[in-house]
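S.K.:
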Amino acid sequence: VEKRDFKFLVGTERLLLPAMVAGGHGCVAGLSNTFPEQVVEFYKMLKEGKYRESAEKQFFIIELRNIMYSVPNIPAAYAVLKLRGVDAGYPKPPYQPLSEDQLKTLKTLLSEKKLL
Numbered sequence: 180v181e182k183r184d185f186k187f188l189v190g191t192e193r194l195l196l197p198a199m200v201a202g203g204h205g206c207v208a209g210l211s212n213t214f215p216e217q218v219v220e221f222y223k224m225l226k227e228g229k230y231r232e233s234a235e236k237q238f239f240i241i242e243l244r245n246i247m248y249s250v251p252n253i254p255a256a257y258a259v260l261k262l263r264g265v266d267a268g269y270p271k272p273p274y275q276p277l278s279e280d281q282l283k284t285l286k287t288l289l290s291e292k293k294l295l
């Protein structure tokens, strides 16, 4: 018996393309906390069956995730939101805000991708 009301989601945008091609319905995208437009654009491409463009976007999304994880990722999310004009405050303990060097690294990498 086929259950048509079941929706399959993967736990990361890193696997969204293969999941959708295999019949999945979406993902829990942590990256959409800081770059929602990137994740939404990617999802729309997949829903429209634009697989060539989606493959390129998947690699971009993976690079973007790697940038966010190049420094402590929870504090990075707060820092990126602030850089994008959204003041979400500060990371809650045990996390600490990024150091000046970490923030500089994050800004440089995101600027190279034209995201700041």
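Each number in the working numbering corresponds to the 1-based position in the sequence shown with 179 added.
Ideal Cβ positions, reconstructed from N, Cα and C, are used throughout, including at glycine.
Just so it is clear, the structure is predicted and the values come from calculations on it, not from any experiment.
(1) When you compare only the Cα positions, how much space is there between Leu188 and Glu291?
(2) Give me, in chain order, the residues of the same chain whose beta-carbon lies closer than 7 Å to that of Gln275; leave out the 5 immediate sequence neighbours on both sides.
(3) Rounded to whole angstroms, what is the Cα-Cα separation between Lys186 and Gly209?
(4) Go through its chain and collect everything with a Cβ distance to Val250's Cβ below 7 Å, but skip five positions before and after it.
(5) Assuming Gly205 and Tyr222 form a contact by the criterion Cβ under 8 Å, report the distance between their Cβ atoms to the nearest whole angstrom.
(6) Please report the straight-line C-alpha distance between Gly268 and Tyr257, rounded to a whole angstrom.
(7) For Leu243, count the other beta carbons within 10 Å of its own beta carbon; 16 or more makes it buried, fewer makes it exposed. Which is it?
(8) Expressed to the nearest angstrom, what Euclidean distance is found between the alpha-carbon atoms of Lys261 and Tyr248?
(9) State the Cα-Cα distance for the pair Gln217 and Leu288, rounded to the nearest angstrom.
(10) Any idea what DSSP makes of Leu188, helix, strand or coil?
(11) Report yes if the CB atom of Ile152 is closer than 7 Å to the CB atom of Glu181, and no otherwise.
M.R.: Looking at the atomic coordinates:
(1) By 1-based counting over the sequence shown, the position of residue 188 is 9. By 1-based counting over the sequence shown, the position of residue 291 is 112. Spanning the two alpha carbons is a distance of roughly 31 Å.
(2) As a working note, residue 275 is residue 96 in the sequence shown. Same-chain partners within the cutoff: Pro254.
(3) Stepping through the sequence shown from its first residue, residue 186 is reached at position 7. Stepping through the sequence shown from its first residue, residue 209 is reached at position 30. C-alpha separation (whole angstroms): 19 Å.
(4) As a working note, residue 250 is residue 71 in the sequence shown. Cβ within range, chain order: Leu277, Gln281, Thr284 and Leu285.
(5) Residue 205 sits at position 26 when you count from the first residue of the sequence shown. Residue 222 sits at position 43 when you count from the first residue of the sequence shown. Yes, they are in contact, since the Cβ atoms of Gly205 and Tyr222 sit about 7 Å apart, within 8 Å.
(6) The residue labelled residue 268 in the question sits at position 89 within the sequence shown. The residue labelled residue 257 in the question sits at position 78 within the sequence shown. In a straight line, the C-alpha of Gly268 is about 7 Å away from that of Tyr257.
(7) As a working note, residue 243 is residue 64 in the sequence shown. Buried: at least 16 other Cβ atoms inside 10 Å.
(8) Within the sequence shown, numbered from 1, the residue matching residue 261 stands at position 82. Within the sequence shown, numbered from 1, the residue matching residue 248 stands at position 69. So the two alpha carbons sit approximately 17 Å from each other.
(9) Numbered from its first residue, the sequence shown carries residue 217 at position 38. Numbered from its first residue, the sequence shown carries residue 288 at position 109. Near 16 Å, if we compare the C-alpha coordinates of Leu288 and Gln217.
(10) Here residue 188 refers to the residue found at position 9 when the sequence shown is read from its first residue. Correct three-state label for Leu188: strand.
(11) As shown, the chain starts at 180 and ends at 295. That puts residue 152 outside it, with no answer to give.
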